[in-house]
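S.K.: Numbering (the numbering used here), first residue to last: 11 to 175.
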């Protein structure tokens, strides 16, 4: 029967030891654990916020690129219309002079349109290149964590560079 029911002294010391350990954990252990969990939650929340902001910036850049292209198209259409109107007005005054003046205005308009088109495309390419470099940097950081992966990439780049020349 003594095996199933412990003595009161043993129960007292076991209870006292349990309460001391519980107090120590309550005072020193649990606040550290809760603090670590709170820090981890804050880090995850911040990471999610940054990812959301990056997605919003990417969407804004894409919208800006589309609006720049639309503006370029509208301006091109407007310039072509203005050039045609000018050419028609000159044709009414003098046919020979109108041919020369119309050709000149049309060439100027095409050159200006081409320059604006090139500028818009260059700007979009610059933005795309910047985004591509950032994305590539993140991808490479993930993919090239080991020395072997880094050496393989360097060897492939050297082979490509030697083949291009």
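Glycine is no exception: its CB is placed at the ideal position from the N, C-alpha and C atoms.
State the start and end residues of the unbroken alpha helix (DSSP H) segment that holds residue 77.
M.R.: It spans 40-103 - the alpha helix (DSSP H) in which residue 77 sits, taken as one unbroken run.
S.K.: Taking a contact to mean a Cβ-Cβ separation below 7 Å, would you say residue 115 touches residue 93 in this structure?
M.R.: In this structure, residue 93 lies closer than 7 Å to residue 115 by Cβ.
S.K.: Which of the three DSSP states, helix, strand or coil, is assigned to residue 17?
M.R.: In this structure, residue 17 counts as coil in the three-state DSSP scheme.
S.K.: Below 8 Å on the Cβ atoms is my contact criterion, and I expect residue 130 with residue 82 to pass it. Report the Cβ-Cβ distance as a whole number of Å.
M.R.: Rounded, the Cβ-Cβ distance is 5 Å, consistent with contact.
S.K.: Do the region 129-144 and the region 70-90 meet, that is, are 3 or more Cβ pairs less than 8 Å apart?
M.R.: In short, these stretches touch, since the Cβ pair count reaches three.
S.K.: Just the C-alpha distance for residue 137 and residue 105, rounded to the nearest angstrom, thanks.
M.R.: Distance between the alpha carbons of residue 137 and residue 105 is about 47 Å.
S.K.: Find out if the Cβ-Cβ distance for the pair residue 123, residue 86 is shorter than 7 Å.
M.R.: Yes, Cβ-Cβ distance for residue 123 and residue 86 is below 7 Å.
S.K.: Out of 28, 164, 141, 171, state which residue places its alpha-carbon closest to the alpha-carbon of residue 65.
M.R.: The shortest C-alpha separation from residue 65 is found at 141.
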